[in-house]
Each structure stands twice: as C-alpha cells, then as structure tokens.
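Participant: Quick one: the structure is below, and I'll ask about it shortly.
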Amino acid sequence: MNTRNAALIAELSDELEPVRPMRAREGYAVLALAGAVTIGAVWMVAGLWDGVLTGTASPFFVIINGLLLLVALAAIGASIALASPHVGNRQDGPRWALAMLGVMPIAAIAMMLGQGSGVASLIDPHAFTCFAAGSATSALTFVALAWWLKRGAPVSTTLSGTIAGVAAGAAGSFAYGLSCPIDGLAHLGIWHVLPVVVCGALGRIAVPRIIRW
Amino acid sequence: MIADETTLAHLMRKAQGGDKRAYAVLLDECSNWLQRYFRKRVPPQQLDDLVQDVLMSVHRKRSSWDPDRAFMPWLAAIARYRWVDHLRKVYRTAEDELGDHDAAEESEEEAVMARMSLDRLFVHLPQKQAEVIEMVKIEGLSIVEASERTGQSESLVKVNIHRGLKKLSAMIEKAE
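This is the structure we're talking about:
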C-alpha cells in the first residue's frame, strides 16, 4: 500500500465513530408509521367513506385505490433499497405497477372518446380538490423517503428521486382516496392518478438536490 | 492477504460499531481491492486519487451498508458511482498512458467480480458510445483524434460521450 493511501486510512480510522446501520426493516417501519399517520389525519379531517363496507362503492373505487396502494408499496420498497446501493439491485416493480395504473387514465379517456363527450366531461366539480388534496396528503411520505435517501447512498439519484416522488404521490392519493365518495372511472382514473405523476416529477427535481455524497 | 466477502462483512459490522482497528484493516483491504478493480479503467496517475475518493465515500456513507446484505456489491456500487463521476470530471491529457498493469485474478470469487466489473457496464452501451468514451475519457485522445479514428463527426463524438456517460450513470447497480 502506498503512503498516501496509508495516511488517509489512518486518518479515517482515527476519526471513526459508531453509526447505526440503515436496515431495510427500519425503513419499512418509518414508512409504515408515516402511512398510518397520513391515513389517521385523513380520517380525522375528512372522514373515511364507508362505500366499500355498505356495498355502494363501484368496482373502480376498489380497483384504482388498490392499484395506487400497490404502486405505493412497490415504490416505497424500491426507494428503501436504492438508499443502500448494491450491484444487482433491480427495481422493476414500480415500473410494472405504474404501467398497470397508467391503464386507468387511458381507459377514462377512451371512454370519453367512445361516448363522444368532450374533455369537459372529465372535469367534475371536485376534480381539482381531489387532485390538490391527494398531492398534499403525500407530504409526510415524501419527507420520510427523502430523509431516508439523504441518510443513505443512492447511486442513481434521479431514479431514486422519481421513485420516491411516485411512492409519495401514490400513498397520498390512496390515503385521500379513502375519503372520496366519487367513484366514477373518469374521476378516479384521472384526478386520483395525477398526483402520482406530479409528485414523481417533483421528486425527480427535488430529491437529487438534497443528496450529498 | 485477499479478504473474502465473509471477512469483509465481519470487519464492516465491527467498523459500524466503532472498532477502529477493524476499520483500518477493512479500509486497507478495500484499498487493495479497488486498486485491482480500477487498474485497467483509469490511468495509473489517477488511480490513487480515485481509490481515495471511494474510501472517503465509504467512510461518509458507511451507515448505508445493511448488515443483512452482502458487502462486496455495496462497495462495488460505490466504486462504480465514483468511477463514472471521475469519467465525467477528468479529461485526460495525452501523456497519461494506460499502463499494462494487468494483475492475475487471484481472487477465488472471480465469478462475483466479473458480474461487478466495470467492463460489464460497457457491454450495455451502443458500440459508438463505448468506443468514444474509451478513446477520449480513458485513453486520453482528443475529440479530433477520436473523430478521425472512428469516422464520427466531432460533434457526434461529443454527443455520444455525453449520452454514454448518462447511460453509464443509470446502470451503476446493474449486474447482468
């Protein structure tokens, strides 16, 4: 070993402090807590809709909220894994989950075209409220994931940021969706999916800026 | 001594707990491994700097290693990240010749090494991008020289380097 490397190793060893390793299960626990607090907050502020329990909810309510939950879980798992770099990390799950969710807005638009109704038919009176609330509800999950990634060592910062944003958007929209009684395809397929896209873009821009090597 | 995965993981666990002696041994082993890992992919003059960059990243990000996972793929991911970063920053001068420092692959974990090697990343790049990155960023040719050798226009050489490095940075954790 050359003397420069030896000097550096001596210096780094000398200043070593114990650290708490980032175990994936700890990350899942943090995110589970963030999710529980988010759903609790939605419950307290807006109340949860009982459409599923009373049998009045349309299948779209279950399908789209179920897909949002799957996207959130897949993307949260990927984000936690990306914080601990590893040659051999594969993060295909969120892509496939997103592709499945992406069918919903396409179906909504196809129905609109098929019925000959205009774009205006996709915009209901609660559309922007649901979009804004779903996006705002993603904040806690977003902060938790950004914190986890900042603690970690993501080597793909743009991908990590995008996936974290998607995870937060999907989790937030799912949580807010539990309170929303509008269960049509156009409303859920467009306005409850849009926060995922917007938060993904925000994560892609914002998260790489806070990661320091 | 060439430490194996089990030994390195054991040393890293102790280092995360604050054991300075174990940490010094670990960094020494990492330094040796990194020297071999980068040998054919950076000029000898830049090898120490790059190894030291990686060691400092290992130090700063040591908590990001999950003791439930293997150590070597974690180290290799950080090494690849730093190497791509290095390719971006460093524009080699013509006198920095690559030496023929090929060492015998002493490690018994050759298969694992092969999966994590830097050459492996180049396989996934289109030929035109890989060859101009090799020429300009590793062999130290000028854009003009690379353009003459490959038949690509100068602007295309620059575009292919830019696109190739962007692709490399997106493939850092790729194993296949």
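Residue numbers (our numbering), protein chains in the order written: chain A, 52 to 264; chain B, 953 to 1128.
Built from N, CA and C at the ideal position, the CB exists for glycine as well.
This one's a predicted model, so the numbers in the text were calculated from it and none came from an experiment.
#1: I want to see whether chain A comes within less than 8 Å of His-1053/B, judged by CB atoms only; does it?
#2: List the residues of chain B whose Cβ lies closer than 8 Å to the Cβ of Leu-118/A, in chain order.
#3: What residue range does the alpha helix (DSSP H) around Thr-192/A cover?
#4: Quick one: what's got a C-beta closer than 8 Å to Leu-1007/B's C-beta in the same chain, skipping five residues either side?
#5: What's the C-alpha gap between Ala-183/A and Gln-997/B?
#6: Which two residues bound the contiguous alpha helix (DSSP H) that contains Thr-89/A?
#7: At the 8 Å Cβ level, is Leu-932/B part of the contact set with chain A, yes or no?
#8: Any chance the CB of Ile-1085/B is under 7 Å from a heavy atom of the ligand NAD?
#9: So the candidates are Leu-960/B, Arg-988/B, Asp-956/B; which of them puts its Cα closest to the Cα of Ala-976/B?
#10: Residues of the region 984 to 1015 of chain B in Cβ contact with chain A at a cutoff of 8 Å, in chain order, please.
#11: So which residues of chain B does Ser-135/A contact, with C-beta pairs closer than 8 Å?
#12: Would you verify that the beta carbon of Pro-145/A is, or is not, closer than 8 Å to some beta carbon of chain B?
#13: Scan the region 71 to 84 of chain A for residues whose Cβ lies nearer than 7 Å to a Cβ of chain B and list them as they occur along the chain.
#14: In terms of alpha-carbon separation, which member of Met-162/A, Ile-114/A, Asn-140/A, Leu-173/A lies closest to Met-151/A?
#15: DSSP on Lys-966/B, reduced to helix/strand/coil?
#16: Please report how far the alpha carbon of Gly-240/A lies from the alpha carbon of Thr-213/A, in whole angstroms.
#17: Specify the secondary structure class of Asn-140/A as computed by DSSP and reduced to three states.
#18: Would you verify that the beta carbon of Pro-69/A is, or is not, closer than 8 Å to some beta carbon of chain B?
#19: For a contact meaning CB atoms closer than 8 Å, what does Gly-969/B contact in chain A?
#20: Gly-128/A and Gly-185/A: beta carbons closer than 8 Å?
#21: Tell me the rounded alpha-carbon separation between Leu-82/A and Gln-1104/B.
Facilitator: Taking the structure as given:
#1: Start at 1 with the first residue of the second sequence, and residue 1053/B comes out as number 101. With a pLDDT of 43 at His-1053/B, under the threshold of 50, the modelled position of this residue cannot be trusted; read the value that follows with caution. Not flagged as an interface residue toward chain A: His-1053/B, since no C-beta distance is shorter than 8 Å.
#2: Here the question's residue 118/A lines up with position 67 in the first sequence. Near Leu-118/A there are no residues of chain B at all, since even the closest Cβ is about 26 Å away, more than 8 Å.
#3: Locating residue 192/A in the first sequence gives position 141, where the first residue counts as 1. For Thr-192/A, the enclosing alpha helix (DSSP H) has its first and last residue at 190 to 202.
#4: Within the second sequence, numbered from 1, the residue matching residue 1007/B stands at position 55. Cβ neighbours of Leu-1007/B within its own chain (closer than 8 Å, five residues either side excluded): Leu-979, Cys-982, Ser-983, Leu-986.
#5: Within the first sequence, residue 183/A is the residue found at index 132, counting from 1. Within the second sequence, residue 997/B is the residue found at index 45, counting from 1. A straight-line Cα-Cα distance of about 55 Å links Ala-183/A and Gln-997/B.
#6: Taking the first sequence and counting its residues from 1, the one referred to as residue 89/A is at position 38. 75 to 96 is the span of the alpha helix (DSSP H), which, as asked, contains Thr-89/A.
#7: Chain B is shown only over 953 to 1128; residue 932/B falls outside these bounds and no answer can be derived.
#8: This structure lacks the ligand NAD; in fact it carries no ligand of any kind.
#9: Mapped onto the second sequence, residue 976/B falls at position 24. Ranking the options by Cα distance to Ala-976/B, first place goes to Leu-960/B.
#10: Only those residues of the region 984 to 1015 of chain B whose C-beta falls short of 8 Å from the nearest C-beta of chain A are listed: Asn-984, Asp-1000, Val-1003, Gln-1004, Leu-1007, Met-1008, Ser-1009, His-1011, Arg-1012, Lys-1013, Arg-1014, Ser-1015.
#11: Here residue 135/A refers to the residue found at position 84 of the first sequence. Those within 8 Å of Ser-135/A in chain B are Ser-1016, Trp-1017, Asp-1018, Arg-1021, Trp-1026.
#12: Mapped onto the first sequence, residue 145/A falls at position 94. Pro-145/A does not count as touching chain B.
#13: Listed by position, the residues of the region 71 to 84 of chain A near chain B (Cβ gap below 7 Å) are Arg-71, Pro-72, Met-73, Arg-74, Ala-75.
#14: Your numbering for residue 151/A matches position 100 in the first sequence. Closest by C-alpha distance to Met-151/A, out of Met-162/A, Ile-114/A, Asn-140/A, Leu-173/A, is Ile-114/A.
#15: Start at 1 with the first residue of the second sequence, and residue 966/B comes out as number 14. In the structure shown, Lys-966/B sits in a helix (DSSP, three-state: H, G or I).
#16: Working through the first sequence from its first residue, we reach residue 240/A at position 189. Working through the first sequence from its first residue, we reach residue 213/A at position 162. Just so you know, the alpha carbons of Gly-240/A and Thr-213/A end up roughly 21 Å apart.
#17: Within the first sequence, the letter at position 89 stands for residue 140/A. Residue state, collapsed to three classes: coil.
#18: Looking up residue 69/A in the first sequence gives position 18. At a cut-off of 8 Å between beta-carbon atoms, Pro-69/A makes contact with chain B.
#19: On the second sequence, position 17 is the one that residue 969/B refers to. Taking a Cβ-Cβ cut-off of 8 Å, the neighbours of Gly-969/B in chain A comprise Pro-69, given in sequence order.
#20: Residue mapping note: residue 128/A aligns to position 77 of the first sequence, counting from 1. Residue mapping note: residue 185/A aligns to position 134 of the first sequence, counting from 1. Taking a C-beta distance under 8 Å as the contact criterion, Gly-128/A and Gly-185/A do not qualify as a contact pair.
#21: The residue given as residue 82/A occupies position 31 in the first sequence. The residue given as residue 1104/B occupies position 152 in the second sequence. Near 50 Å, if we compare the C-alpha coordinates of Gln-1104/B and Leu-82/A.
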